[in-house]
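Report on the structure given below.
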Amino acid sequence: MNIKIQDYNGKITEIEVELDIYEFDKENFWQEDWRDRKSKQQNSIDDFCAELTSVSSEDEYIKKSEIDELFKAIDQLSEIQRNRIILHYFYGLKFFQISKLENVSARNIKRSVKLALENLNKILAKIKG
Numbered sequence: 039m040n041i042k043i044q045d046y047n048g049k050i051t052e053i054e055v056e057l058d059i060y061e062f063d064k065e066n067f068w069q070e071d072w073r074d075r076k077s078k079q080q081n082s083i084d085d086f087c088a089e090l091t092s093v094s095s096e097d098e099y100i101k102k103s104e105i106d107e108l109f110k111a112i113d114q115l116s117e118i119q120r121n122r123i124i125l126h127y128f129y130g131l132k133f134f135q136i137s138k139l140e141n142v143s144a145r146n147i148k149r150s151v152k153l154a155l156e157n158l159n160k161i162l163a164k165i166k167g
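So, in structure tokens, the structure goes:
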């Protein structure tokens, strides 16, 4: 199953995830951290808008190319690592929430995400040359 993720420039990138991860119980997820996420979202939007005024077109181009490189690198991860990175960093799920979805320990998820980040760093280093 493919999901679409939109970056701050409005560019939509499609990433493949397992069907059972895609169909996780969104209602419980959104109810659990709704207030906290809403507060952080408002702060990050305000910070982002303030930052926009100081971003030059060159900086914007660099950020866009770095985001493109990141998505290419994420696509090169194993399916399990890719799913866990997406759930943790893009959907904001905590390790214990992901562990409930996958029926594994939170420690296992944390270790897998750490290894995925190390792999991403290696992949990005190769991409940048």
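Numbering (this note's numbering), first residue to last: 39 to 167.
Glycine residues also receive a C-beta, built at the ideal position from the N, C-alpha and C atoms.
Excluding five sequence neighbours on each side, which residues of the same chain lie with their C-beta closer than 6 Å to the C-beta of residue i?
i      : result
Phe133 : Ala144, Ile147 and Lys148
Asp63  : Only weak support is given to the placement of Asp63: the predicted model assigns it a pLDDT of 46, under 50, and the value that follows is read from those uncertain coordinates. There are no such residues.
Leu131 : Leu125
Please determine whether the Cβ atom of residue i lies at a distance below 6 Å from any heavy atom of the ligand SAM.
i      : result
Phe133 : The ligand SAM is not part of the structure shown, which contains no ligands of any sort.
From what residue to what residue does the alpha helix (DSSP H) around residue i run?
i      : result
Ile165 : Ala144 to Lys166
Lys132 : Per DSSP, Lys132 belongs to no alpha helix (DSSP H) and is neither H nor E.
Ser103 : Ser95 to Asp113
Asn121 : Glu117 to Ile123
Take residue i and list the residues in its own chain whose beta-carbon comes closer than 7 Å to its own, dropping the five residues that flank it on each side.
i      : result
Ala154 : Leu115, Gln119, Arg122 and Ile123
Ile136 : Arg122, Leu125, His126 and Ile147
Using a threshold of 7 Å, state whether the C-beta atoms of residue i and residue j are closer than that.
i      : j      : result
Ile165 : Glu107 : yes
Grab me the residues of residue i's own chain with a C-beta within less than 8 Å of its C-beta, minus the 5 sequence neighbours each way, in chain order.
i      : result
Trp72  : Confidence is the limiting factor: at Trp72 the pLDDT is only 47, short of 50, which leaves the residue's position unreliable, though a coordinate-based value still follows. None.
Ser150 : Ile118, Gln119 and Arg122
Asn141 : none
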